[in-house]
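Respectively, the protein sequence lines represent chains C and W. Numbering of the first sequence is given in the numbering used here, commencing with residue 208 and proceeding in unit increments. Numbering of the second sequence is given in the numbering used here, commencing with residue 8 and proceeding in unit increments. We put the beta carbon where it would ideally sit given N, CA and C, even for glycine. Please read all numbers here as calculations on a predicted model, not as lab measurements.
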Amino acid sequence: MSMREKVAWIAVTISLVIFGWYFWGVWADFAARELDGDALFWRFLWCFGIAVIIMLPAAMIAARLGGQAFDPPADEMEMRIEAISNRFGLALLEVLLVAIVLASKWITDIARADFTIDPVGATAIMLINLILFVSAFAAVVREIIVIIQYRRYA
Amino acid sequence: MPTPPPISNTIRRLRFDHGEMTQQQLADAIGMTRQTVAAIEQNKYSPSLEAAFRIAEVFGVEIGAVFQWKAGAKKDP
């Protein structure tokens, strides 16, 4: 298994666990109509930090166990795989961002109806977390496409 | 699975003829990963022209001795 594929497996696994937990928490807060922007901000920062702290050593250990360079230069097949994955990931991100823009009216209505104390703040929290979610989702899909392509060539 | 390119190659035999050269040794010689060499050898990935020339250069043969176009494999429209 190439180092790039190992990194993709690590990124997918850790992202699904850590950011899955974060967004599940955001959804639970939303369902309970108790969105706390400050708490979510720090929770996200903690998740992001933990993800980075786990991913880097995991990639280093994977490289060491496989006797590979930690960040080897990509060859032409790997660059092709990256290009295809990036194209899919970017297209998905663009579509999802447009979907968020189109859904903004609906989100504002929810904030006005269910978060009467601070509808503006609730709108901002929901929109920011939706943008974070689609960014993370597109990144995970991109890494999954990387893995699929490596498996096809293996 | 993607349709394999209409190209065959003799990399496995050439490696054998060159002292059982490993895929990793060939990969190191042409600046690629072993996985890419394996994909080329199994005809799952078509290398660039430059990479094809580099492979031929390692074995000291013409590019046609490494890669062969399967004549008639793809009909003209």
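N-terminal and C-terminal residue of the alpha helix (DSSP H) that residue i is part of
i, result
"C/Ser419", "Residue 419 of chain C is absent from the model: chain C starts at 208 and stops at 361."
"C/Ile355", "326-360"
"C/Arg245", "Reading off the sequence shown, one finds Asp at residue 245 of chain C, where the question assumed Arg. Note, C/Asp245: alpha helix (DSSP H), 244-272."
"C/Asp316", "283-321"
Residue j beta carbon less than 9 Å from that of residue i
i, j, result
"C/Phe230", "C/Ala343", "yes"
"W/Val73", "W/Ala59", "yes"
"C/Ile355", "C/Trp216", "no"
"C/Ile338", "C/Leu297", "no"
"W/Ser53", "W/Ile47", "yes"
"W/Ser55", "C/Glu289", "no"
"C/Ala168", "C/Arg349", "The structure shown does not extend to residue 168 of chain C, since chain C is modelled only from 208 to 361, so the question has no answer here."
"W/Phe66", "W/Asp24", "yes"
"C/Val233", "C/Leu247", "yes"
"C/Glu300", "C/Ala345", "With the sequence shown as reference, residue 300 of chain C is identified as Leu, and Glu is not the correct amino acid for it. Closer than 9 Å, so yes."
"C/Val341", "C/Ile291", "no"
"W/Arg22", "W/Met28", "yes"
"C/Met333", "C/Ala318", "yes"
If you scan the segment 9-84 of chain W from start to end, which runs of the beta strand (DSSP E) of 3 or more residues do you find wholly inside it? 14-16, 74-76
Check distances from the C-beta atoms of the segment 284-316 of chain C to those of chain W and list, in chain order, the residues that come in under 9 Å. Met284, Glu285, Arg287
Can you give me, in chain order, the residues of the segment 265-283 of chain C that have a beta carbon less than 7 Å from any beta carbon in chain W? Asp282, Glu283
Contact residues within the segment 27-49 of chain W, judged by C-beta distance below 7 Å to chain C: Gly38, Met39, Thr40, Gln42, Thr43, Ala46
When you check each C-beta in the segment 49-80 of chain W against every C-beta of chain C, which residues fall closer than 9 Å? Gln49, Lys51, Tyr52, Pro54, Ser55, Glu57, Ala58
Got a sec: which bits of the segment 245-265 of chain C sit with their beta carbon under 8 Å from any beta carbon on chain W, in order along the chain? none
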